[in-house]
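The structure appears right after this line, and notes come after that.
Residue numbers (our numbering), protein chains in the order written: chain A, 1 to 244; chain B, 245 to 488.
In structure tokens, the structure reads:
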């Protein structure tokens with residue numbers, strides 16, 4: 001039996017294992033179809049996502065709560081079109097959106113195969129900054145639950161800080177009972193998942209399965225992330241050999 | 245002595261009586277010059293103002309505090325350039341920015357003359373959503389204090405809601421001891437100052453002395469606001485005659 005340098009592989013969840021962008025596209029379209037049968041402005045979803053992304057940075061830093069984030073992205077998107085919507089309407093929108101969650105979330109192609117292979121060699125865990133009330137549902141909807149038992153799900157809100165803060169990685173290693181040198185982090189966010197992990201002493205793999213996001217990342221930072229699950233397996237193998 | 249239908253003229257402050265845009269331009273340039281002698285990215289101020297405006301909507305709805313707004317606009321602007329700045333640095337930036345406040349704030353041309361004329365016929369007051377700790381300093385820096393005694397300054401944060409919420413106008417009328425029908429509101433924000441005032445029962449004058457903002461407003465809503473102080477005096481005279 002081969003000896004592996006790493007004992008645990010940590011994964012980010014959103015945009016790494018599950019197609020969160022597609023989920024928003026499908027989930028928002030579904031919700032608007034139900035609630036606004038006469039339609040919404042053509043670029044409404046774009047405005048919603050713009051505000052979501054801006055507000056998410058405030059959520060990550062605990063300036064906003066998840067409930068505030070969810071309300072404000074809805075209210076600010078409508079305000080861009082000159083319409084004042086109430087908090088009650090924002091909450092109702094969110095409720096309907098969440099009801100469609102399970103049927104609109106999918107893993108990226110090849111994700112399940114990659115995870116299945118890795119699970120034969122390593123213990124697997126999730127280190128996520130995502131919405132705490134949804135992360136288990138996401139694993140289940142994407143068929144990932146069998147590979148990530150509940151105790152291997154580290155949600156940053158429960159730690160108190162968000163990645164790239166080292167306390168999140170410290171909590172993740174503690175939860176899995178490993179030292180930093182015994183684990184690898186795999187994720188799409190260069191700052192949170194790669195630089196943050198490395199700063200804590202973990203090795204890291206930059207992996208962006210969404211082609212559009214990978215192209216944007218490449219254009220922005222001048223480096224190309226891995227984009228295929230198979231590449232992650234190869235890279236991990238290479239890293240094992242380099243340490244062996 | 246002429247009898248006037250109106251007893252009180254309420255004014256918005258920022259972008260109506262004082263040139264808040266110019267103040268940001270000058271004040272941010274001054275602060276960056278002091279703190280970052282090697283310069284900041286060319287579009288940094290633009291990013292700062294973008295985040296300021298986005299976050300201001302959250303401040304107006306009391307989702308963020310003024311302190312959070314001030315910190316986050318700084319941190320998010322730097323993050324757009326890939327740099328993580330601390331809360332401590334954001335607070336220091338704000339301190340230096342505030343130190344230069346008095347020397348970077350000016351009334352729009354003709355504002356003092358307009359206010360002086362009006363003060364002979366009406367009691368004047370301010371109804372503002374602006375930063376509560378700065379509004380008195382703004383009146384003073386702009387030379388407006390003699391026309392707006394402290395008790396005539398209604399700051400929405402002290403009311404608990406922001407314009408266009410009717411409670412702000414109710415508090416303003418109560419502070420000045422008038423009924424809605426006895427006062428006129430003058431301001432640059434169509435929603436907050438004009439529609440909000442009218443919804444409460446006040447007459448209102450849409451006045452945008454910043455030429456660029458007036459052009460944008462015209463392009464957006466298809467109506468042209470008044471842009472000259474003299475036009476405000478004429479319009480008020482016309483409204484008096486219509487009621488007489």
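All C-beta atoms in this analysis are idealised placements derived from N, C-alpha and C, irrespective of residue type, glycine included.
Could you tell me the alpha carbon to alpha carbon distance between residue i and residue j, rounded to whole angstroms?
i	j	result
residue 208 (chain A)	residue 265 (chain B)	41 Å
residue 113 (chain A)	residue 68 (chain A)	37 Å
residue 26 (chain A)	residue 102 (chain A)	11 Å
residue 399 (chain B)	residue 425 (chain B)	21 Å
residue 287 (chain B)	residue 253 (chain B)	39 Å
residue 268 (chain B)	residue 89 (chain A)	35 Å
residue 136 (chain A)	residue 153 (chain A)	8 Å
residue 467 (chain B)	residue 432 (chain B)	13 Å
residue 151 (chain A)	residue 308 (chain B)	34 Å
residue 121 (chain A)	residue 237 (chain A)	11 Å
residue 109 (chain A)	residue 145 (chain A)	17 Å
residue 85 (chain A)	residue 377 (chain B)	30 Å
residue 34 (chain A)	residue 82 (chain A)	22 Å
residue 403 (chain B)	residue 310 (chain B)	15 Å
residue 316 (chain B)	residue 486 (chain B)	48 Å
residue 465 (chain B)	residue 41 (chain A)	17 Å
residue 385 (chain B)	residue 38 (chain A)	51 Å
residue 460 (chain B)	residue 62 (chain A)	35 Å
residue 299 (chain B)	residue 6 (chain A)	43 Å
residue 289 (chain B)	residue 322 (chain B)	10 Å
residue 165 (chain A)	residue 192 (chain A)	8 Å
residue 93 (chain A)	residue 210 (chain A)	27 Å
residue 70 (chain A)	residue 170 (chain A)	29 Å
residue 213 (chain A)	residue 111 (chain A)	17 Å
residue 351 (chain B)	residue 343 (chain B)	19 Å
Could you spell out where the alpha helix (DSSP H) holding residue i opens and where it closes?
i	result
residue 275 (chain B)	264-279
residue 91 (chain A)	87-99
residue 315 (chain B)	310-323
residue 304 (chain B)	288-304
I'd like to confirm something about residue i: is its beta-carbon nearer than 6 Å to some heavy atom of the ligand NAD, or not?
i	result
residue 338 (chain B)	For the ligand NAD, the structure offers nothing, since it holds no ligand at all.
What is the DSSP secondary structure of residue i, counted as helix, strand or coil?
i	result
residue 245 (chain B)	For residue 245 (chain B), the pLDDT reaches just 42, beneath the cut-off of 50, and the residue's location in the model is therefore unreliable, leaving the point undetermined.
residue 367 (chain B)	strand
residue 399 (chain B)	strand
residue 410 (chain B)	helix
residue 421 (chain B)	coil
residue 386 (chain B)	coil
residue 128 (chain A)	strand
residue 438 (chain B)	helix
residue 456 (chain B)	helix
Identify, in the order they occur along the chain, each residue of the same chain with its Cβ nearer than 6 Å to the Cβ of residue i, setting aside the five sequence neighbours on each side.
i	result
residue 245 (chain A)	Past the boundaries of the shown model lies residue 245 (chain A); chain A is included only from 1 to 244, so the question cannot be answered.
residue 162 (chain A)	60, 129 and 156
residue 420 (chain B)	252 and 369
residue 320 (chain B)	295
residue 371 (chain B)	254, 398 and 416
residue 97 (chain A)	27 and 31
Can you tell me where the beta strand (DSSP E) with residue i in it begins and where it stops?
i	result
residue 224 (chain A)	Careful: residue 224 (chain A) lies outside any beta strand (DSSP E) and carries neither H nor E.
residue 254 (chain B)	252-255
residue 203 (chain A)	203-206
residue 430 (chain B)	427-431
For residue i, which residues of its own chain have a beta-carbon under 7 Å away from its beta-carbon, when the five flanking residues on both sides are left out?
i	result
residue 324 (chain B)	291
residue 382 (chain B)	257, 262 and 349
residue 201 (chain A)	180 and 181
residue 479 (chain B)	449 and 470
residue 218 (chain A)	224
Excluding sequence positions up to five away, which residues of its chain have a Cβ less than 8 Å from the Cβ of residue i?
i	result
residue 1 (chain A)	Model confidence at residue 1 (chain A) stands at a pLDDT of 42, short of 50, so the residue's coordinates are unreliable; what they give is reported in the following sentence. Answer for residue 1 (chain A): no residue qualifies.
residue 233 (chain A)	114, 117 and 118
residue 4 (chain A)	121, 122 and 240
residue 418 (chain B)	none
residue 228 (chain A)	110 and 209
Could you tell me whether any Cβ in chain C is nearer than 7 Å to the Cβ of residue i?
i	result
residue 279 (chain B)	Looking at the structure shown, chain C is missing, and the protein chains on hand are A and B.
Task: Interface residues of the region 467-485 of chain B facing chain A [CB-CB below 7 Å] - done: none
- [ ] Could you list the residues in the region 402-422 of chain B with a C-beta less than 7 Å from some C-beta on chain A, going in chain order?
- [x] none
- [ ] Compile a chain-ordered list of the residues in the region 284-303 of chain B whose CB is closer than 9 Å to at least one CB of chain A.
- [x] 295, 298, 299, 301 and 302
Task: chain A contacts made by the region 300-328 of chain B, where a contact means CB separation under 9 Å - done: 301, 302, 305, 307, 308, 312, 315, 316, 319, 320, 323, 326 and 328
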